[in-house]
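Let me begin by presenting the structure, written as structure tokens, before commenting on it.
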Amino acid sequence: MPAASPARRPRVVLGVAGGIAAYKAVEVLRQLTESGHDVRVVPTDSALRFVGEPTWAALSGHPVSTGVWAGAAEVAHVSLGREADLVLVVPATADLLARAATGRADDLLTATLLTARCPVVFAPAMHTEMWEHPATRANVGTLRARGCVVIDPAVGRLTGADSGAGRLPAPAEIAALARAVLARAGSAANANGTGLAAGLMPDLTGYRFVISAGGTREHLDPVRFLGNSSSGRQGYALARAALSRGARVVVVAANVALPEVAGAHTVRVVSAVQLRAAVHAEAATAHVVIMAAAVADFRPVTRAAHKIKKSDGDPEPVALVRNPDILAELVAARQPGQLLVGFAAETGGPGADLLDLGREKLVRKGADLLVVNQVGDGLGFEVEDNAAVVLGSDGTETVIGRTSKDLLSHRVLDLVTARLAPADGSVIAVSDSTRR
Ligand code: C5P
11 MPAASPARRP
21 RVVLGVAGGI
31 AAYKAVEVLR
41 QLTESGHDVR
51 VVPTDSALRF
61 VGEPTWAALS
71 GHPVSTGVWA
81 GAAEVAHVSL
91 GREADLVLVV
101 PATADLLARA
111 ATGRADDLLT
121 ATLLTARCPV
131 VFAPAMHTEM
141 WEHPATRANV
151 GTLRARGCVV
161 IDPAVGRLTG
171 ADSGAGRLPA
181 PAEIAALARA
191 VLARAGSAAN
201 ANGTGLAAGL
211 MPDLTGYRFV
221 ISAGGTREHL
231 DPVRFLGNSS
241 SGRQGYALAR
251 AALSRGARVV
261 VVAANVALPE
271 VAGAHTVRVV
281 SAVQLRAAVH
291 AEAATAHVVI
301 MAAAVADFRP
311 VTRAAHKIKK
321 SDGDPEPVAL
331 VRNPDILAEL
341 VAARQPGQLL
351 VGFAAETGGP
361 GADLLDLGRE
371 KLVRKGADLL
381 VVNQVGDGLG
391 FEVEDNAAVV
401 LGSDGTETVI
411 GRTSKDLLSH
421 RVLDLVTARL
431 APADGSVIAV
441 SDSTRR
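Okay, structure coming up:
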């Protein structure tokens with residue numbers, strides 16, 4: 011592996027297989043080049059029947075070939091994979107998954123997949139029947155077991171009038187997932203000064219996460235509610251980070267206006283009571299639950315069936331009742347080995363030390379980790395950056411300085427993974443991420 015300068019542009023190989031969703035890969039390419047990535051496009055022959063070579067070459071700024079015979083002097087079938095920081099296949103068809111799973115090397119893309127030693131992400135798109143066929147399930151299982159990230163396709167409209175599982179997620183979200191993979195590699199590289207760390211393979215394969223995000227709304231009447239300004243960005247960034255490390259992720263989203271995270275299964279809720287039902291249902295089979303949602307502590311005792319009118323007379327004080335503490339309930343009903351993570355968004359304030367509040371909350375709730383973050387002043391809710399101190403029930407305190415929500419998510423997941431791993435390191439055997 012040639013030594014790389016930490017400042018060089020991350021290198022992405024964008025593999026494109028022959029499915030109608032190839033046209034959406036053009037937008038993924040555009041997004042990645044615009045965010046400063048050096049992208050080499052490697053289409054299959056059939057991908058070129060959907061989108062032609064000039065499009066890929068013009069938008070990537072690199073020559074494009076599909077076979078191993080062109081430019082033999084550069085030994086592209088070896089060098090592309092070796093030099094990449096990420097190989098991203100969009101769309102991955104049933105045929106491409108089958109060829110990758112069996113280790114074929116009959117074109118430039120499959121040869122590149124065999125030589126790559128960096129993270130590999132497949133974004134499948136196909137008809138529901140093909141996605142659900144036992145052969146495809148087996149191929150996906152094989153690729154995941156080898157340490158590749160194979161995201162689940164979205165459910166929605168397919169090529170014709172039909173709809174179901176098999177739709178390619180939104181291109182911008184696939185690009186965001188790619189950036190999440192590279193953010194982790196980039197942060198490790200900065201820590202050890204070696205340039206992008208191609209060896210940072212998924213370490214959460216086989217784990218199931220439930221992540222709540224956003225803020226609940228407690229309705230007074232059909233149009234008015236008590237709510238908060240949580241955007242869901244931190245929860246979504248955590249979901250992306252976990253997916254980029256191979257986890258299966260269910261997002262329980264309370265009033266989040268952001269596009270759905272590519273590869274996650276999103277359950278939408280409005281109120282704390284709905285969020286509670288959804289989180290408990292999903293938590294029954296989850297290894298990790300991260301409560302990043304801002305859950306209202308109180309809700310109105312009654313919800314008027316019709317909009318409350320001025321003519322109804324002077325306003326009555328709103329009577330409130332306490333919402334259940336979902337995190338504390340999860341702790342009480344904890345599955346064996348399950349890890350529970352809370353968030354404590356605080357503004358601090360006179361006489362209120364953030365960490366003292368956090369420590370008290372960690373003990374009161376009984377979570378394994380509590381991410382204490384200051385909100386307001388350009389941090390926390392509705393902004394791109396965040397900073398936090400992560401308190402562990404084992405007495406640890408980890409300071410995460412102001413950084414992107416993507417990177418903060420990876421730092422939190424590093425702490426989660428360390429607690430998931432048994433002392434004998436057998437988690438490595440579960441994720442089996444070193445072989446391809
Ligand atoms: O007590 P506080 O609301 O500050 O606690 C924040 C943490 O507890 C967050 O992880 C939040 O998702 C969770 N929470 C909860 N149920 C509530 C209130 C908060 O699970 N009713």
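Counting from 11, one number per residue, gives the positions in the sequence shown under this note's numbering. Virtual Cβ for every residue (Gly too), placed ideally from N, Cα, C. Since we're looking at a predicted model, the values are computed, not measured.
Can you say whether K317 is buried or exposed, counting buried as having 16 or more other CB atoms within 10 angstroms of its CB? exposed
For G347, is the beta carbon positioned less than 7 Å from some heavy atom of the ligand FAD? This structure lacks the ligand FAD; its bound ligands are the ligand C5P.
Which class does D442 belong to by DSSP, given the choice of helix, strand or coil? Confidence at D442 is low in this model, with a pLDDT of 33, below 50, so its placement is unreliable and no value can be given for it.
Sequence-distant residues of the same chain with beta carbon closer than 6 Å to V51, five excluded per side: L24, W66, S70 and V74
So, for V260: in the same chain, excluding its five sequence neighbours on each side, which residues have a beta-carbon less than 6 Å away from its beta-carbon? Listed in chain order, the non-local C-beta contacts of V260 below 6 Å within the same chain comprise V220, H275 and E292, local neighbours out to five positions each way being set aside.
I need the straight-line Cα distance from T146 to A133, nearest angstrom please. 13 Å
Please report the residue range of the beta strand (DSSP E) in which R255 lies. Element bounds for R255: n/a, residue is neither H nor E.
With S254 and V159 assumed to form a contact (beta carbons below 8 Å), what rounded beta-carbon distance in angstroms separates them? 7 Å
Which partner residues does A32 have in the DSSP bridge list? Beta-bridge analysis with DSSP links A32 to no other residue.
Between which residues of its own chain and G166 is the CB-CB distance below 6 Å, once the five residues before and five after are set aside? Result list for G166: S173 and R177, in chain order.
May I ask you to report which of helix, strand or coil DSSP gives L367? Here L367 sits in helix by DSSP.
For H72, which residues in the same chain have their Cβ closer than 6 Å to its Cβ, ignoring the five residues on either side in sequence? R50
Give the range of the beta strand (DSSP E) segment to which N383 is assigned. L379 to Q384
Could you check whether V382 and V399 sit closer than 8 Å to each other, using their CB atoms as the reference points? yes
Does the region 364–377 touch the region 348–355, meaning 3 or more C-beta pairs lie closer than 8 Å? yes
For V74, name the three-state secondary structure that DSSP assigns. Judged by DSSP in its simplified three-state form, V74 adopts coil rather than helix or strand.
As assigned by DSSP and simplified to three states, the class of H137: coil
With DSSP collapsed to three states, give me the class of D434. Low confidence applies here, because D434 scores a pLDDT of 33, under 50, leaving its location unreliable and the question unanswered by this model.
Confirm, please, whether the CB-CB distance from R194 to L210 is below 8 Å. yes
Across the region 84–104 and the region 34–50, are there enough close Cβ pairs to call them in contact, namely three or more that are closer than 8 Å? yes
Taking 7 Å as the cut-off, does the CB of I221 come closer than this to any heavy atom belonging to the ligand C5P? no
What do you reckon, is the C-beta of D453 under 7 Å from a heavy atom of the ligand C5P? The structure shown does not extend to residue 453, since the chain spans only 11 to 446, so no value can be given for it.
Apply the 10 Å Cβ neighbour rule to T295 and answer buried if 16 or more other Cβ atoms are within range, or exposed otherwise. Here T295 is exposed. Its C-beta has fewer than 16 other C-beta atoms within 10 Å.
Span of the beta strand (DSSP E) holding G174? That run of the beta strand (DSSP E) goes S173 to R177.
Can you tell me which of the three DSSP states N149 falls into? helix
Whole angstroms are fine: how far does the CA of V262 sit from the CA of A287? 10 Å
On the three-state DSSP scale, how would you describe V88? helix
Going by DSSP in three states, A314 sits in which element: helix, strand or coil? coil
Answer yes or no: the CB of A108 versus the heavy atoms of the ligand C5P, is any distance below 7 Å? no
Could you name the residues of the same chain whose beta carbon sits closer than 6 Å to that of M301, not counting the 5 residues immediately before and after it, in chain order? S222, L337 and G352
Give me the DSSP bridge partner(s) of M301. S222 and G352
Would you say the beta carbon of P310 is closer than 7 Å to some non-hydrogen atom of the ligand C5P? no
Taking DSSP as the reference, what is the three-state secondary structure of A264? If DSSP states are grouped into helix, strand and coil, A264 belongs with the strands.
K375: CB within 7 Å of a non-hydrogen atom of the ligand C5P: yes
Using a 10 Å radius around the Cβ and a threshold of 16 neighbouring Cβ atoms, would you call R18 buried or exposed? Counting Cβ neighbours within 10 Å, R18 comes out exposed, since fewer than 16 surround it.
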